[in-house]
Amino acid sequence: MQSNPSAGDESAELTKISTVCTMQRYWADFTVLMQKVGAYGGLVVVHVEPDFWGFMEHQSADPSTLVAAVASSGNADLAGLPNTVQGMGWAFLKLRDKYAPNALLAIHASSWASGVDIASDQRSTVNAATEADAVVAFMNKAGLVGNPTGITPWDLIFNDVADHDAAWYGATSNPHWWDRNNVLFPNFSRWLAFMSRIHTDTGLPLVEWQVPVGNQYFDTMNNTDGHYQDNRAEYFLAHPDQLTAAGIVAVLFGSGNAGQTTYTDAKGDGVTNPAAVSSWQCNGCNNHTSTVADDDGGFLRAAVGAYYRTFPGTTCTLFPFNSVFNTDISALPVNSSSQTWLGNMSQNANLHPDLGTVAQQYGMPMNVAPPPSTGLTPTFTYNSDSDHPAEGYPIDQNTLIEGGPGAPSGSDRHALIINKNSCKLYELFNLQNFTNGQQPAAGSGAVWDLTSNAMRPDGFTSADAAGLPITPLLVRPDEILAGTIAHAIRFTAHCTSTYIWPASHQAGSCTTGFPPMGARFRLRSSYNISSFSPDTQVVLRAFQHYGMILADNGADWFFGGTTDDWWGTTAGSQVVSELKTIPAAQFDAIDESGIQAAAGSYQAGGTIAPACATSTLSATPSSQQAAGSPVALTASTSGCPNPQFRFWTRPASGSWTMAQDYSASNTFNWTSTTPAGAYYIGVHVRDAASTAAYDSLASIPYTLTGTGCGSVTESAAPASPQASGTQVTFTATASGCTNPRYEFWARWQGSSTWQLLQGYSAGNVYHWNSSGAAAGTEYFGVWVKDASSAAILDANTSIPYSVTTASCTSVTASAVPSSVAHGSGTHVTITGSGSGCTNPLYEFWMRPASSATWQLVRGYSSGATYDWNSTGAATGTVYFGVWIKDAASPNTYDAVTNTIVTVT
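Under the working numbering, the residues of the sequence shown are numbered 1 to 904, in order.
What follows is the structure, encoded as structure tokens:
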């Protein structure tokens, strides 16, 4: 509907949908589409007219009041339907019901349809639920509820996030950025509240479409064409549980316009790793080296791959995405016992990778079953702690065992098996060799459903001393080569105390000064990993984002991996060598006590305490006030019995700083020593029983004014006048203010309107290249104001600047020889010589003896000669013209002359 004219021309769309001949073809085309879908027979999702419904809602909140050709189109299937936009909605559905009952039809809910763009509105007063209700009210009448008998409603609702990456819009703080901290607006929490309300109102599944691909992770993202930053892909992939809770069932990533970031090498510029840049909430944070040619540095390919990654040879994921093993813990606080535990884990100064090749028999080999047609359950040393599955353990004499069949009988001898049909994980400790028909013996055994977060019973061991699964916590080459390890990694310590979640068992007798089983350790984000090989960086990023879990007794800082011959390759050996250099002192124990969703579950997410509802924040006195004035901030909330308040401040161009930590006090007195400038003040609110970072939040802008700039002067270098093409630098100097900001303007000759050249910034110079400027006088102005000033400007000035155009005053021409014999083929050199200009360009013309018309024989160039071959020239006088102009001249020519050659 929007292809011609382009999207956004709402009046044109109203004209199109009410034009009978247009809609005859439109409904015929949609009928053919439905017939093709019906003939296919499989499930097909049809996204119907994105943006169109939002444009129509802008025209009227009631689609039944907007005219459209439906029954009047003459389509027999649509007879009796109203000629309105409401009728259009019913028409789509009726044609689907008749021709393609296998199709799921999706209507589109634009974030801006209500008239308030939830995706870019920066006001804190916007109510997400109110705007969502307005959008749903329109869609209800367009086919969600109240349809005529026999017309089924829409099946899905699509929403588009943005058709450009946020950084494409230019300014660092432009309104298309969403605050990942969910303090400023727009932000993810408010948008999710909007989507959740749509889901609640309609009960339909939601699909996110046209989600920008940009990220703030790789060096590749330097905010140039094809490499623009955005933060939505990163946030969505880090918080799939939040999307699911809002009713979102699918996310479709893709660039919505030319020049936007894509997940292929659309730019054709290969692997790029320019210097990191400063962007929204990212001061050079895109400082990771990419090794692939994708325009997003490979972020989406790796992150989505990690989300869907299955164990090789199976379709099984290793526990759900929201398992604590698969949870990014980079933002969790440091455990208060971290330093104490680290002090008692000092056997080894560096990490030690416990993995290797098949020949070395290091690491743990993996088995994928079947082959065994019948399972076997060993006799267990720790029988009461072990699982006895009805199907038995899928093992036989060919099952690979840690250390190989020759491993000492008293060693760990782990056997790890995944049943690829049932996606069950079977793990055995100390499995002994056995013969065909013999019941094997083992120390203990445990079975996990890999689709479930169900834990071992409290106090139970597994094949690991902590009661944890081993397989999902191993370093594997296939993950390294894919570029992402998105799970924790198991490691050992020489002495342990008790156990904490997610562990279920202890096997140590040391004091509480030693780490417990289940303790999680994280490599510090400040540790520079850029000097390591790309493959090693994959492991180190996993340590920084997913950490290591203490799973067994053993040597300090030995971490586990699979048995795989890749470790013996050149690349694999480099990884092993480099990992042995990582200092254990660069790790911290972290506190994940607040993210357990429920007892007996590995799910991360935290229990939900009584939530504090929408919060407000007010300031007394209100903004603006002179710097030095005391300001009292007061927060309020509802819905929770014991609210706690945490206050934050942020300069307009800076980062948030906590000013007052959580307490029962809902007031904060802002100090009077804060310098003049624009600020934001925020508050996080949560119930005292909540483990969330916050339940709700609010923020307000506040300006502290300072002394305005009293005056400004402006100068130009070199001084006026100068020839066209000269580079001119304009410098402004303000007085009377401490933090001047300058804005540069120009008024070009022939115009009465000033044009902005450079917006307000601390830079007091503007560089102008006068190339192409015509001779005459241009005016350059500068505005100045203090950074804290609320005025448009405190002072301004302007100066004229004259441009002269270089030109050649004259030109002479000569011919050597000036006379040639007919038919001789003699070459004649025509030479031009100009004066009065520094960069002459010459153009040569000829008029043959037999013609009255001049012909161009060589266009303008710096060459002053032209070689003429007289072969074939008729007898008589041949005229040669020379045009000349300076390289900077805008004229067709500055001077002309001619000379003659006689042909006898």
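No residue lacks a Cβ here, since even glycine has one placed at the ideal position from N, Cα and C.
Between V136 and P212, the beta carbon gap of about 25 Å keeps them out of contact (Cβ cut-off 8 Å).
Sorting S110, S720, L33, E592 by C-alpha distance to the C-alpha of R522 places E592 at the top. In the three-state DSSP reduction, K424 falls in the strand class (E or B). Ranked by Cα distance from T809, the options D661, L697, Y893 are led by Y893. Where Q660 is concerned, the enclosing beta strand (DSSP E) starts and stops at 657-663.
By the criterion of at least three beta-carbon pairs nearer than 8 Å, the segment 378-394 is not in contact with the segment 265-278. Taken atom to atom, the span from the alpha-carbon of T244 to that of V251 is near 10 Å.
Annotation for W448: the continuous beta strand (DSSP E) segment containing it runs 444-449. Our two residues, D449 and L318, have alpha carbons roughly 9 Å apart in a direct line.
In this structure, the straight-line span from the alpha carbon of L156 to that of I480 is close to 38 Å. In this structure, the straight-line span from the alpha carbon of T399 to that of F321 is close to 29 Å. Scanning its chain for C-beta atoms nearer than 8 Å, with the 5 sequence neighbours on each side dropped, one finds around Y217 the residues E234, C285, N286, H288, G297, F299, in chain order. Just so you know, the alpha carbons of G80 and G74 end up roughly 10 Å apart. Less than 7 Å separates the beta-carbon of V728 from that of A716. In the three-state reduction of the DSSP assignment, M23 falls in the helix class, which pools H, G and I. C-alpha of S752 to C-alpha of S665: approximately 58 Å in a straight line.
The beta carbons of E57 and F138 sit closer together than 7 Å. Judged by DSSP secondary structure, S770 falls outside any beta strand (DSSP E); it is assigned neither H nor E. Inter-residue distance for I470 and D464 is about 7 Å (C-alpha atoms, whole angstroms). For the options E778, A762, S761, the alpha carbon positioned closest to that of N769 is the one of E778. Here the C-alpha atom of G763 lies approximately 25 Å from the C-alpha atom of A626.
By the 16-neighbour rule on beta-carbons within 10 angstroms, R25 is exposed. In this structure, the alpha-carbon of S530 lies about 29 Å from that of G259.
Contiguous beta strand (DSSP E) elements confined to the segment 299-327 do not occur, taking only those with 3 or more residues.
For D535, the CB contacts under 6 Å within the same chain, skipping 5 residues up- and downstream, are I480, A571, V575 in chain order. Scanning A619, A113, H822 for the CA closest to the CA of V903 turns up H822.
Taking a contact to require three or more Cβ pairs closer than 8 Å, the segment 102-113 and the segment 29-49 qualify as touching. F434 sits in coil when the DSSP states are folded into three classes, being neither helix nor strand. Contact between the segment 856-874 and the segment 782-794 is not established, with fewer than three Cβ pairs separated by less than 8 Å.
Annotation for T875: H822, V903 place their beta carbon closer than 6 Å to its own, counting only its chain and skipping 5 residues before and after.
Within 10 angstroms of the beta-carbon of N187 lie 16 or more other beta-carbons, which makes it buried. If you keep only unbroken alpha helix (DSSP H) runs of at least 4 residues inside the segment 163-238, you get 188-202, 232-238. Straight through space, the alpha carbons of A331 and Q544 are spaced by roughly 10 Å. When K424, I395, T261, T200 are compared, the shortest CA-CA separation from F311 is found for K424.
Membership of G87 in the alpha helix (DSSP H) is indicated by the continuous run 85-99. Residue pairing by DSSP puts F668 in a beta bridge opposite L633.
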